[in-house]
Amino acid sequence: MSSMPLNGGTEQTTTVIIGTGLSGLAVAAELRRHGVDSIVVDGLDILGAGQPANTASLQRCDAADSDSLRERNEILRHLRNYAASHGMDVRNTTRAVQLTMAGGASDARAAEGPCARQWEVHTPNGVLLADHIVLTRCAHSQLRRMLSDFGITVGHNLVAAMRAIGIYLVGVGELITPSPKEVLRQAKTVGQAISSKVNPESAPTILTGSFAVVPG
Numbered sequence: 003m004s005s006m007p008l009n010g011g012t013e014q015t016t017t018v019i020i021g022t023g024l025s026g027l028a029v030a031a032e033l034r035r036h037g038v039d040s041i042v043v044d045g046l047d048i049l050g051a052g053q054p055a056n057t058a059s060l061q062r063c064d065a066a067d068s069d070s071l072r073e074r075n076e077i078l079r080h081l082r083n084y085a086a087s088h089g090m091d092v093r094n095t096t097r098a099v100q101l102t103m104a105g106g107a108s109d110a111r112a113a114e115g116p117c118a119r120q121w122e123v124h125t126p127n128g129v130l131l132a133d134h135i136v137l138t139r140c141a142h143s144q145l146r147r148m149l150s151d152f153g154i155t156v157g158h159n160l161v162a163a164m165r166a167i168g169i170y171l172v173g174v175g176e177l178i179t180p181s182p183k184e185v186l187r188q189a190k191t192v193g194q195a196i197s198s199k200v201n202p203e204s205a206p207t208i209l210t211g212s213f214a215v216v217p218g
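When we follow my numbering, the leftmost residue of the sequence shown carries the number 3, and every step to the right adds one.
Spelled out as structure tokens, the structure:
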């Protein structure tokens, strides 16, 4: 089971991955290999801090050029097969419509680590409550705006600022879309980072199956 039902249409899980494409499935597969629960939902329509009317939509920036499209599709096919054979919780028809901090944005400055608070991913079917969030297909400028909405000061290192509050990026390029190999590398790095937070006493352990398509 990748989630635990709570009251009022709320589910508890370890990680919510927003994006059911290559990036989302790659990190979900990596988490599965480390025994970390996750739920994968479709791309985020709106990012907000409790004020959806004043937030901007995340623009998708995952279009592949013709040279990498074939490789991307082959890896994606393999990941989909892996997800199906390993019972991963991938909800292709469920879209995230809002991301908020549990307890409200006013508590953002009190966060002292990736597990210091939980995140609420709002969907038409209810709320997913998680310690970690993985975002795909979004622009750095929009992420900076989101953190500002949460009352979080962002320095020069956007990735570090987001990881400090339990948000990870996979497949998100500042200027260009990462190659399929780079996406898999990022997914492995993020999967290991989250696993080390969830199971700090355990060394990385590979479970059954493999989703490796290209050399790491």
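Even glycine gets a Cβ: it sits at the ideal position worked out from N, Cα and C. Keep in mind it's a predicted model, so treat the numbers as computed, not measured.
Residue environment analysis places E203 among the exposed positions, since fewer than 16 neighbouring C-beta atoms fall within 10 angstroms of its C-beta.
Taking C-alpha positions only, V123 is separated from S181 by approximately 28 Å.
G193 and V174 have their C-alpha atoms some 15 Å from each other. The residue among G105, A189, G157 with its C-alpha nearest the C-alpha of G23 is A189.
In the structure shown, the three-state DSSP call for V172 is coil. Shortest Cα-Cα distance from P126 to any of Q100, K199, M148, L33 involves Q100. Counting only the Cα atoms, A28 lies some 21 Å from S68.
Excluding sequence positions up to five before and after L160, its CB lies within less than 7 Å of the CB of H142, L145, R146, all in the same chain and listed in chain order. At a Cβ-Cβ threshold of 8 Å, I196 and I169 do not count as neighbours.
Looking from the CA of V200, the closest CA among E13, T17, L149 belongs to T17. DSSP places D39 outside any alpha helix (DSSP H), giving it a letter other than H or E.
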